[in-house]
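Q: One structure follows; several queries about it will come next.
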Amino acid sequence: MSTHATGHFTFADWQETETGQAADGARIARAQVTNGYTGAITAPVTVCQYSIVYTTEKTGSFTGHELVDGELDGRRGGFVLAQRGTFGEDGTVHCSFEVVPGSGSGELTGLTGRGSFTAPHGVKEIVYALDYELAD
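Now the structure itself:
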């Protein structure tokens, strides 16, 4: 039986470095990001690594991983989220993610799940949703 979890996260820090650019303007960057989660996921500090492709100055896609160490609905442990998303001209980010199989630890051992968020440009608190299961 799947459990639906929601809450908010905030970007605490974003450090981005360009790693390459093509003659036509497409470029690749990497970012190290720190987030803080409240709600079903409680984690004051997470660590994210993103690989970003800019197809124009304002549009592109990204993939990344986020290490979450905290609590999920009161259960203590950690897990990793694999993320994939896009961003458009208006700055809105659309992201889907899943719990990396086997990454759950502590009381979150056996955790599986999928979720998403949409982050409109300029919004500080982003709403997330995660549908998850825990192995017995």
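Every letter in the sequence shown is one number past the one before it in our numbering, and letter 51, counting from 1, is 68. The beta-carbon is built from N, C-alpha and C at its ideal position, and this holds for glycine as well.
How is residue 106 classed by DSSP in three states: helix, strand or coil?
A: By one-based count along the sequence shown, residue 106 stands at place 89. In this structure, residue 106 counts as coil in the three-state DSSP scheme.
Q: Is it buried or exposed, residue 38, if we count other Cβ atoms within 10 angstroms and call 16 or more buried?
A: Reading the sequence shown from its first residue, position 21 is the one you call residue 38. Result: exposed.
Q: Compare the Cα-Cα distances from residue 179 to each of 84, 68, 22 and report the closest residue.
A: Missing from the structure shown is residue 179; the chain here goes from 18 to 153 and no further.
Q: State the Cα-Cα distance for the pair residue 149 and residue 66, rounded to the nearest angstrom.
A: Along the sequence shown, one-based indexing puts residue 149 at 132. Along the sequence shown, one-based indexing puts residue 66 at 49. Between residue 149 and residue 66, the C-alpha separation is close to 23 Å.
Q: Would you say residue 92 faces chain C, with C-beta separation under 8 Å as the test?
A: You won't find chain C in this structure, because it holds only one protein chain.
Q: At what residues does the beta strand (DSSP E) containing residue 41 begin and finish?
A: Working through the sequence shown from its first residue, we reach residue 41 at position 24. Note, residue 41: premise wrong, no beta strand (DSSP E); not H, not E.
Q: Within its chain, find whatever has a CB closer than 6 Å to the CB of residue 83; leave out the 5 residues flanking it on each side and keep chain order.
A: Residue numbering aside, residue 83 sits at position 66 when the sequence shown is read from its first letter. Closer than 6 Å at the Cβ level, and outside the excluded window around residue 83, lie 63, 65, 98.
Q: Enumerated in chain order, which unbroken segments of the beta strand (DSSP E) with a length of 3 residues or greater are wholly contained in the stretch 60-138?
A: Those beta strand (DSSP E) runs which fall completely within the stretch 60-138 and span 3+ residues are 77-89, 92-104, 110-116, 128-136.
Q: Name the DSSP beta bridge partners of residue 140, please?
A: Numbered from its first residue, the sequence shown carries residue 140 at position 123. None; residue 140 has no bridge partner.
Q: Can you list, in chain order, the residues of its chain with a C-beta nearer than 7 Å to that of residue 48? Leave out the 5 residues immediately preceding and following it.
A: For the purposes of this step, residue 48 is taken as residue 31 along the sequence shown, with counting starting at 1. Only 31, 32, 33, 67, 69 meet the Cβ criterion.
Q: Please determine, among 92, 28, 105, the residue with the shortest C-alpha to C-alpha distance to residue 123.
A: Against the sequence shown, residue 123 aligns to sequence position 106. It is 92 whose Cα lies nearest to the Cα of residue 123.
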